[in-house]
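Chemist: Protein sequence lines, in the order shown, are assigned to chains A and B. Letter by letter, the first sequence follows residues 1 to 210 in my numbering. Letter by letter, the second sequence follows residues 1001 to 1210 in my numbering. Below you will find the structure I want to go over with you.
There are 2 protein chains.
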Amino acid sequence: MRISELADSTGVSVATIKYYVREGLLSPGRKLSERLADYDDQHVRRLRLLRVLRDVGAVPVGALKALVDATQDRSASVHDMFGEACDALRTETTIPGVRDDHTRHLADQIVDQAGWTNVRPDAPERNHLAGIIKVILDSGLPTDPEGAATYLPLVDAIAGYELAQIDDTQDREAMMEQMVLGQVVLGEFLLCLRRLAHEHHSALRFAERS
Amino acid sequence: MRISELADSTGVSVATIKYYVREGLLSPGRKLSERLADYDDQHVRRLRLLRVLRDVGAVPVGALKALVDATQDRSASVHDMFGEACDALRTETTIPGVRDDHTRHLADQIVDQAGWTNVRPDAPERNHLAGIIKVILDSGLPTDPEGAATYLPLVDAIAGYELAQIDDTQDREAMMEQMVLGQVVLGEFLLCLRRLAHEHHSALRFAERS
DNA sequence: AGTGCTGGATAGGAGCACTATCCTATCCTA
DNA sequence: TAGGATAGGATAGTGCTCCTATCCAGCACT
């Protein structure tokens, strides 16, 4: 398959494909000659994945690169690879640098309380959680002291279900694809359902109120 | 309070404050003279809110404008105002235009199944949900037929809890602020917890696997 | 009296994700 | 075997968003 066919069958322009190859998101085609390369189904599949991640999840190109690199590193275990994926997909926000021992402690407490004993003590996500907690505390959002207790079992159920869906009879690349799609697309699915539920519950309380 | 004090007490530069005023995100100060205006606590509060939404939620400036406009429209009920907020905050993604009756039907089924009877039949969120469902179906993500049944009660519990937290003894602007912060910051909180839970569950299944 | 800060206007700039152009070598159909 | 189409590679440019910088005339404090 030549580059123009790859472009046609994915709906991605030739210029963009070249750009992705330059950025290392897509391997160059197998060279047939100096001026001709061959692309296969793997390229189609990868390109479709990249487009979903960008269109649905607005994942930055740099994060896509990190995902590709994590997939390529065959010395890491599947779990380590998934950890890299989580780190790469966290980039959506810019929480101002938090060096606050108190909120970090609260974050660790939450992870303990949830029973997530397998989370690395140095996982970057813990600091991110601390940053979000700081914002929640500072922003005057009404939060009851038992708030976390409400969320944790629900989130644990969701994440457990999603992980259970992953088909582990496939190769690492296919598993990574499932994991990343799950993170991004099902994350979006979740937030979308939550907004719908907000609308419903908001109507129950506030429909008649001016 | 003059503009430089407003800048100092919020950490936002004078130039940026001027930009926000131009864009209608912040009302101009009360004019004391031709070349001097007075800013008050409302401006500080609003500015802090705007920064949280941008820093944590990466909410685009245009969406912030829509939120401000919705708050200002005093003819709408609180529930309608919240609806506007949901619409404005959905902009994160660009699902290619879906004109697919099948997925739209699936989306409506999900809303029914969840019992969210108060969601407007013409809510834009329904089409967004349809788009996400289409992506899920097309992307080869493994999904069991009962998937929605797993998510719905969990999401409903989360959204119900969040709405219950809103303090309705305050004025519309304060309630809007709580709603929007809840959507954005608690949404981020939720996704962050979910990633941590993914790491834990992934370790249970894949720690030793190469 | 003079330094400095104000609101207002407008121009400039950084970053991101492409997109367009140019070039020469090869392909491939005729 | 001629010759337009297409390939890959390099590089520059575009459109968008979100600021940031500069300029200006004039009121304000000391």
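Idealized CB from N, CA, C, for every residue including glycine. In this text, all values refer to a predicted model and were calculated from it rather than measured experimentally.
To the nearest angstrom, how far is the alpha carbon of A:S27 from that of B:G1147?
Modeler: When rounded, the distance between both Cα atoms is 34 Å.
Chemist: Closest to A:H43 by C-alpha separation, out of A:V14, A:P121 and A:A76, would be which residue?
Modeler: Of the candidates A:V14, A:P121 and A:A76, the one whose C-alpha sits nearest the C-alpha of A:H43 is A:V14.
Chemist: Answer yes or no: does any C-beta atom of chain A fall closer than 9 Å to that of B:P1142?
Modeler: It does; some Cβ of chain A falls within 9 Å.
Chemist: Please list, in chain order, the residues of the segment 108-119 of chain A that have any C-beta partner in chain B closer than 9 Å.
Modeler: Listed by position along the chain: I110, V111, A114, G115, W116, T117, N118 and V119.
Chemist: Over what stretch of residues does the beta strand (DSSP E) that includes B:L1032 continue unbroken?
Modeler: Where B:L1032 is concerned, the enclosing beta strand (DSSP E) stretches over R1030 to S1033.
Chemist: Kindly indicate the opening and closing residues of the alpha helix (DSSP H) around B:A1157.
Modeler: Here the alpha helix (DSSP H) through B:A1157 covers G1147 to Q1165.
Chemist: Following the continuous alpha helix (DSSP H) through A:R70, name the residue where it begins and the one where it ends.
Modeler: What sits at residue 70 of chain A in the sequence shown is Ala, not Arg. V61 to Q72 is the span of the alpha helix (DSSP H), which, as asked, contains A:A70.
Chemist: Within this structure, are the beta carbons of A:G220 and A:T103 separated by less than 9 Å?
Modeler: This structure leaves residue 220 of chain A out entirely; chain A is present only between 1 and 210.
Chemist: With distances taken Cα to Cα, identify the nearest neighbour of B:N1127 among B:R1099, B:G1140, B:G1115 and B:D1038.
Modeler: Considering only alpha carbons, the answer is B:R1099.
Chemist: Counting only Cβ-Cβ distances shorter than 9 Å, please list the residues of the segment 186-209 of chain A near chain B, keeping chain order.
Modeler: Against chain B - using a Cβ distance shorter than 9 Å - the residues of the segment 186-209 of chain A are L186, G187, E188, F189, L190, L191, C192, L193, R194, R195, L196, A197, H198, E199, H200, H201, S202, A203, L204, R205, F206, A207, E208 and R209.
Chemist: State the Cα-Cα distance for the pair A:R74 and A:D112, rounded to the nearest angstrom.
Modeler: Each residue's alpha carbon lies about 31 Å from the other.
Chemist: For B:H1201, which option in A:V78, A:Y20 and A:D138 has the closest C-alpha, if you only look at C-alpha atoms?
Modeler: The shortest Cα separation from B:H1201 among A:V78, A:Y20 and A:D138 belongs to A:V78.
Chemist: Below 7 Å on C-beta distance, what does A:L181 contact in chain B?
Modeler: Those are S1139 and L1141, listed as they occur along chain B.
Chemist: Name, please, each residue of chain A whose Cβ falls closer than 8 Å to the Cβ of B:Q1178.
Modeler: Chain A residues near B:Q1178: L141 and P142.
Chemist: Tell whether a beta-carbon distance below 9 Å holds between B:L1036 and B:R1002.
Modeler: Yes, Cβ-Cβ distance for B:L1036 and B:R1002 is below 9 Å.
Chemist: Quick one: using the 10 Å Cβ neighbour count with 16 as the cut-off for buried, is B:A1207 buried or exposed?
Modeler: The residue is exposed, with fewer than 16 neighbouring Cβ atoms inside 10 Å.
Chemist: Just confirm the distance between the C-beta atoms of A:R48 and A:T93, as a whole number of angstroms; I'd bet it's less than 8 Å.
Modeler: Incorrect: roughly 27 Å between the Cβ atoms, too far for contact.
Chemist: A:A37 lies in the alpha helix (DSSP H); which residues open and close that run?
Modeler: Run containing A:A37: none in the alpha helix (DSSP H); it sits in the beta strand (DSSP E), L36 to D38.
Chemist: What residues from chain B crowd round A:G83, counting only those whose CB sits closer than 8 Å?
Modeler: What A:G83 touches in chain B: E1199 and S1202.
Chemist: What's the C-alpha gap between B:V1059 and B:I1166?
Modeler: Near 21 Å, if we compare the C-alpha coordinates of B:I1166 and B:V1059.
Chemist: Looking at C-alpha atoms only, which residue of B:T1071, B:Y1151 and B:Q1170 is the closest neighbour of B:G1024?
Modeler: It is B:T1071.
Chemist: Could you tell me if A:L163 is buried or exposed, where buried requires 16 or more neighbouring beta carbons within 10 angstroms of its beta carbon?
Modeler: Buried: at least 16 other Cβ atoms inside 10 Å.
Chemist: When you measure from the CB of B:T1010 to every non-hydrogen atom of the ligand HEM, does any distance come out below 8 Å?
Modeler: Here there are no bound small molecules, and the ligand HEM is not part of this structure.
Chemist: Are the beta-carbon atoms belonging to B:L1190 and A:V56 less than 9 Å from one another?
Modeler: Going by C-beta atoms, B:L1190 is not nearer than 9 Å to A:V56.
Chemist: My output table needs one value for B:A1111: the three-state DSSP class, helix, strand or coil.
Modeler: For the sequence presented, residue 1111 of chain B should be read as Val rather than Ala. Helix, per DSSP.
Chemist: If distances are taken between C-alpha atoms only, which option among B:L1196, B:A1123 and B:G1140 comes closest to A:A216?
Modeler: Here chain A comprises residues numbered 1 to 210, so residue 216 of chain A is not present and cannot be evaluated.
Chemist: Exposed or buried, which one is A:E5 when buried takes at least 16 other CB atoms within 10 Å?
Modeler: Exposed.
Chemist: State the start and end residues of the unbroken alpha helix (DSSP H) segment that holds B:E1084.
Modeler: First-last of the alpha helix (DSSP H) with B:E1084: V1078 to L1089.
Chemist: Assign A:V180 to one of three DSSP states: helix, strand, or coil.
Modeler: Reduced to three states, the DSSP call for A:V180 is helix.
Chemist: Which value, in whole angstroms, describes the spacing of the CA atoms of A:L53 and B:E1125?
Modeler: Going by the C-alpha atoms only, they are around 20 Å apart.
Chemist: Starting from the beta carbon of A:A58, find every residue of chain B whose beta carbon is closer than 9 Å, and list them in chain order.
Modeler: Simply A1058, E1092, T1093 and T1094.
Chemist: Any idea what DSSP makes of A:P124, helix, strand or coil?
Modeler: Correct three-state label for A:P124: helix.
Chemist: Taking just the CA atoms, how far does B:L1204 sit from B:V1012?
Modeler: Spanning the two alpha carbons is a distance of roughly 45 Å.
Chemist: Given a threshold of 16 other Cβ atoms within 10 Å of its Cβ, counted over all protein chains shown, does B:E1199 qualify as buried or as exposed?
Modeler: When all chains shown are included, B:E1199 counts as buried.
Chemist: By the 10 Å Cβ neighbour count, where 16 or more other Cβ atoms means buried, how is B:L1050 classified, buried or exposed?
Modeler: Buried, since its Cβ has 16 or more Cβ neighbours within 10 Å.
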